[in-house]
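Quick note, the sequences are listed as chains A and B, same order. First residue of the first sequence: 7, per the numbering used here; consecutive thereafter. First residue of the second sequence: -1, per the numbering used here; consecutive thereafter. A virtual CB, placed ideally from N, CA and C, is assigned to each residue, including glycine. Note that the structure is predicted; figures quoted are calculated from it, not measured. Since the structure comes first, as structure tokens, the remarks are kept for the end.
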Amino acid sequence: MKAFYCYFRKMVVSAKLLAGYILLTFSLVFLTFSGAAAQSKYEYEFENVMLDTAIQVVEKENDIRLFYISEWTENSRIDGHFRANSLKELLDKMLYHVGLSCVDYDGSSFILIRELSDGQIIEEYTSTGEKINKVIVGDPSSEAREAVIKGRIMDLDDESPLAGATVYSKQSDKGVASGLDGYYELTLPTGEHTLEINSLGYHPETQTVILQSSGSIDISLVSSKITLDVVTVEGFKESPDISEAQMSKESFQVENLAYVPSLMGEKDIVKTINLLPGVISSEASSGYSVRGGGYGQNLVFLESTPLYNTSHLFGLFSVFNPGVAESVSIYKGTMPPRYGGRVSSVMDIHLKDGDQENWQGEAAFGLLSSRASLELPITEKLSLVTGGRVSYFNRMLERTFYDEVQNSRGSFYDTNLKMTYKLTDSTTLSVNAFSSYDDFTLPEGEEITYGNQLASGSWEQIFSEHLHGKFDLTFSNYYSTINSEDSLVQRFVRNGITTSTAKGYFSFFKFENHTLNSGFEVNRVEVDPGKVERTDPLESTEIQIPIEKGIESAIFLGDEFKLSDKITLNLGLRYSHFMLLGPGEQYVYEANSAKRTSTITDTLTYGNGDLMQTYGGLEPRFFFKYDLDPSLALKFNMGRTRQFLHLMSNTASISPLNIWKLSSSNLQPQVSDQMAIGMTKTIRKHAIEISYEFFYRHTNNLPDFKNGAVLYDNENIETEIISGIGQAYGHEFQLAKKTGKLSGWLAYTYSRSFNTMDSDIAEEKVNNGEKYPSNYDIPHSVSLSGDYLLSRLWSVSFNWVYNTGRPITYPVASYFHDGISIANYSDRNAYRIPDYHRLDLAVNLKGSNLKIDKKWDYTLSLSAYNVYNRKNAYSVFFQRVASRIEGRKLSILGETVPSVTLTIKKK
Amino acid sequence: MRRLSIILFLSVVMSGCIEPFELNPDHDTTGIVVTGSITDVDPVHVGLTKPAESVNRREFSIMPVIGARVILFDDQGNQEELVESKLVHGQFDGQTIGVVGREYHIQVILEDGTEVLSTPQLIQPCPSIDIVYYEAVDYYKKSTSGGLLFKLEMDEKDTLNRYYKWKMGGTYVLYTYFNKDNPAPGNACGELKPELEEPCYVSYVDDLHYVLGESISDQADIISKEIEFLQPNSKFKYGQSIEVRQYSMTEEAYDYWKKVDDQRTSVGSVFDPPPAQIRGNLTFEDDTEITVFGFFEVSAVTSKRFLIEPTDFPGLTEDLATLLGGSGVNADCNPPSGPSNWWTPPDFCCDCALLTGSTREKPSYWPD
């Protein structure tokens, strides 16, 4: 600064000598332009010329002389039309973009000075000619050595805040993550900084700032979807973020599913996550397994509200309307401390907030169902997002040639409604409602219905620049019913689960380089295991299996911080607590005897609200990242999770009729410890990302079931449950190419999952107490998914998936009892069904208008599911033909399923 | 059945297909099969066989266990050694009839001296059957022709036991072309003079079909079950006395037969629980890895009878009813080995009284 000032004084002296000459020049320039521009005395137009050249032109034509440091304008260019009534005004306009202004010394001599103002953007050029925009932050006259830069990170499109975006200074090697409201705050040395801003689902941004003193700068990021339209086609999936210590996390923008080939053209979130490493699901299955975990060990949130069944049509499609959903994140391993309650994974789905300026809409017409969604600004502060989907399944059934199902009926629908109200700049309120419903009448007249009903309210508050908060009240209900009727008796069975939740989440940014998160949650869970209503001509009876009530609560605290230039730590601690409440009964069984109705020795009866059982404990979470270089990070995560709510399913896939059960004195909570270690590498400016993870999970009190367990309408279901140890381990590798004509990824997962059910009681052992493969033991899984841009209008996308066949129990012997052939089965899961593999292709045609600001967009997708007609085994089962047992392989989607989907979108 | 319907529904809609799948497991033919029962109306019977050689071979044979002894014990200190049938190896019968309230178990001593024991089972009392009735229906499930659907209802508050099994059986009239006054050598047919033949009354129990019931509530509730659907066949040619049998069961026996039932109805889909290894109440006395299959069960039995005439079947006229009956001739009087379907009445040309459950004495319940 001092050197700069001395040089400036020398120039002032020299300038005085030329005062007369400059004055003359000024007059000539005035005369020159007076005729051409009646209102502007000086007018110049430059087309991307060197700034020095432009200055020389002005000097020459106006006979003036400018004094300045040549380095200031070195490599700088100028482009544009400039008009002014004075030379000073002209020069100020020409030089503003490089942070210079001029002082009129004597009319013919002008002295250029560095004069910056807060928020000014100046341009500089590198030696290679690359232009760099630099933003001035703070008061230029300040001589502070350190300053706080803060601001908000937003979506460029709708200005919605981006939570969890990282701001990182390359020069000082410091960074911080934005809070829920998108605000960040970072203390840095004054001077020039190149800030790298990253957020999942958005293109990384680099912004150079000249930090003069404390000040603010808001940064808008461009969503991947805009790039999709304009530049290239990008795979739907965001690769693991190298900037955060969290690992085993996958995220993607739902809009990017448009190019993933899908069954019957139905863009499907749950089916799409099956393409991710470590996530497995079978066709026509409503759940999914993560790293060898059970379906009931996954927690799904829709707008912070738990969702217990994600499927339509017994699992062929999921309930999420892709026109309403915005983003999906799934944590496959150790989860952040704000999550808990399931030992395997958490999937968090966020809906769109709604456009606050223009209405937007989207409609898609498929062969099986159609959907529509609408984003509507109601007032300046109030926006609405709504959507719905309805099937026309009955029409298909009516026209089928199969007598067996002609009498069947089927339909499903789902609806979404979300309203967001920005009360003030620091207060946002939103409400959300969701409903899904399936109704099927099976060939024999049995009617099955099931559905979800969700509602939530959210309050986001910026209490201060250091403290932001979010509060949610949610309600979730899932139910299923079976209605059967014969000539005499009508039987109606209903079961369900209801959860009411209150939770709060706080982000605290007071301490440099630390992002503190804390919060609480209280869940009231009510499980209705089954109510049977029976009506016959004489009387009606009703049997209610006792309803279970419990309160699951938790508090948590987390802190992500940089321990050094290369080490980032994220430490978290969660305390989970569970109370089983009356009214109810708990049975005491004979010691050293199998739990049976006949071995009950005592029944403990509890009144309404009485505490029947309580469990709880600490759940530490640890996340570590070590940066070997800016593109290569090593990560290590470990943590503990408890699960108090258990899915009662002993099938390879959950069905809509499955029930849940709360922990009790006879059903301990699952406690899972898991770890993962891996690396993430980016190359070619993040265009290609490579990641590898090894994972291990150990679960105690893992529930499994006795041989031949009956779980439906079972008043004493705990007699069917045994518990033991679950172990899952394996590794995942993925290579993702994010940009270019060809984008996509290759993922390989090796995953093993074993259970051990040992006991002193023979009936409570499985496979004689030896370790055996769980239903989710799929050792090898490969997915190759991509999109190739043929032109600006056409693209071809593809999926190829391969999974080892799931375990199965085979008959290995048979014998006769009273003339009945009985099969003796092998040890549980000793064999496997055939391997699964499938290729899907899609050709996509986009609307012709490729500008970002287009009003209408349409996409026509022609897709083929299972292109090479492989008859993959949905299941292998065994039938008796006479007295022998024959194997059968059932393929649900054994042929190529073509589809055409037209999506029309108003932006 | 619900699971099967779901799978069928999805399969048809989504152009699915079912095709044979070759089973190549490592067949396990070790172990023995011990089956047997004692009731308060039937004497004790035990069968000893070996597992089938293959689970999916079209032709197979059931090999009896040779050289074994079977002894029945009760909790009163009584015991009886059963006698092996001279006609069929491995089938043992005794004289003891069960008594309600007593525990019974068996001991099987194999040729090599190893012993198999069953756990003691208590004969639970069995209440009388509340309501059994049948109705004529035009079709039932997959059947396109009419028949008689037998149902029962039972008030749980009157139940004495928690677990039940129902089976159907019957007694029918059988004429064979056996001339007892002029028998042919061996078991060959004699002169065909049916008018000279005295009929046999053949009783049977349909072991292949059974229905289980469990009282699940202490409250007053009605157990309602469909027992059997009967279609017209030659057994009804001269009328048939249908018997509905109600068996009391122990919890262990109920679990055993429930698993058998589940195994028979499972379609193996991803919505089905994994097939269960079914283990009964028999084990080797010495700890060994050899498996004992089967169950020795005890029951009290109550029953009700109905005389069904051919004209009771819907749409079946008297003329047509007279046509019922087969005309085949079987020259072998020995009962068929292995599992047999007793619904097909034999037209033996030999002495019908040789058939299992057959007698020339008219039963007391048979109308004049």
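By the CB criterion at 8 Å, glutamine 680 of chain A and leucine 708 of chain A fall outside the cutoff. Going by DSSP, aspartate 58 of chain A is part of the alpha helix (DSSP H) stretching over 57 to 68. Taking 8 Å as the CB threshold, asparagine 830 of chain A lines the interface with chain B. Among the CB atoms of chain A, none fall inside 8 Å of the CB of valine 242 of chain B. About 3 Å separates the Cβ atoms of serine 379 of chain A and glycine 393 of chain A, confirming a contact at the 8 Å cut-off. It is roughly 50 Å from the alpha-carbon of threonine 647 of chain A to the alpha-carbon of glutamate 151 of chain B.
In the DSSP annotation of this structure, valine 143 of chain A is not part of any alpha helix (DSSP H); the continuous beta strand (DSSP E) holding it starts and ends at 137 to 143. Your pair aspartate 608 of chain A and valine 594 of chain A checks out as a contact, with CB atoms roughly 4 Å apart and the cut at 8 Å.
Annotated as distal: lysine 149 of chain B and tyrosine 208 of chain B, with beta-carbon spacing of 8 Å or more. Neighbourhood of aspartate 260 of chain B in chain A, by CB distance below 9 Å: Gly714 and Val716, in chain order. Considered as a whole, the region 342 to 409 of chain A harbours 351 to 357, 366 to 371, 375 to 383 and 388 to 397 as its complete beta strand (DSSP E) runs of no fewer than 3 residues, in chain order.
Per DSSP, arginine 262 of chain B lies in no beta strand (DSSP E) segment; the continuous alpha helix (DSSP H) that holds it begins and ends at 249 to 263.
Residue state for valine 200 of chain B is assigned as strand, using DSSP reduced to three classes.
Per the coordinates, the alpha-carbon of tyrosine 816 of chain A lies some 27 Å from the alpha-carbon of asparagine 280 of chain A. Annotation for tyrosine 837 of chain A: Pro813, Ile814, Thr815 and Tyr816 place their beta carbon closer than 8 Å to its own, counting only its chain and skipping 5 residues before and after. When DSSP states are grouped into helix, strand and coil, threonine 196 of chain A belongs to the coil group. Here isoleucine 767 of chain A has Asn598, Ser599 and Ala600 as same chain residues with Cβ atoms under 8 Å from its own Cβ, once five neighbours each way along the sequence are excluded. Valine 882 of chain A belongs to the set of residues whose beta carbon lies under 8 Å from a beta carbon in chain B. Residue pairing from DSSP places phenylalanine 148 of chain B in a beta bridge opposite B/Tyr132 and B/Glu226. Between the alpha carbons of threonine 507 of chain A and leucine 313 of chain A lies a gap of roughly 12 Å.
Per DSSP, the continuous beta strand (DSSP E) segment holding glutamate 79 of chain B begins and ends at 77 to 79.
Contact of arginine 627 of chain A with chain B by beta-carbon distance below 7 Å is absent, the smallest such distance being about 33 Å.
Listed along chain B is no residue with a C-beta nearer than 8 Å to that of glycine 510 of chain A; the closest approach is about 39 Å.
A Cβ of chain B is located within less than 8 Å of the beta carbon of leucine 896 of chain A. Cβ neighbours of threonine 28 of chain B within its own chain (closer than 8 Å, five residues either side excluded): Pro49, Ile288 and Thr289. Bounds of the alpha helix (DSSP H) holding lysine 99 of chain A are 93 to 101.
In this structure, A/Glu121 is the residue among A/Glu121, A/Arg158 and A/Leu790 with its C-alpha nearest to the C-alpha of aspartate 145 of chain A.
Straight through space, the alpha carbons of phenylalanine 629 of chain A and serine 637 of chain A are spaced by roughly 19 Å. If you draw a straight line from the Cα of serine 670 of chain A to the Cα of arginine 834 of chain A, it comes to about 27 Å. By the neighbour-count criterion, in which a residue is buried when 16 or more other Cβ atoms sit within 10 angstroms of its Cβ, arginine 401 of chain A is exposed.
Between the C-alpha atoms of glutamate 109 of chain B and aspartate 205 of chain B there is a straight-line separation of about 29 Å.
Residues of chain B whose Cβ lies closer than 8 Å to the Cβ of glycine 893 of chain A are, in chain order, Pro18, Phe19, Glu20, Leu21 and Asn54. A Cβ-Cβ separation of about 7 Å places aspartate 841 of chain A in contact with tyrosine 808 of chain A under the 8 Å criterion.
Inter-segment contact for the region 336 to 345 of chain A and the region 866 to 885 of chain A is absent: fewer than three beta-carbon pairs are separated by less than 8 Å. Taking every protein chain shown into account, the CB of lysine 852 of chain A has 16 or more other CB atoms within 10 angstroms, so this residue is buried.
Between the alpha carbons of valine 499 of chain A and threonine 605 of chain A lies a gap of roughly 28 Å.
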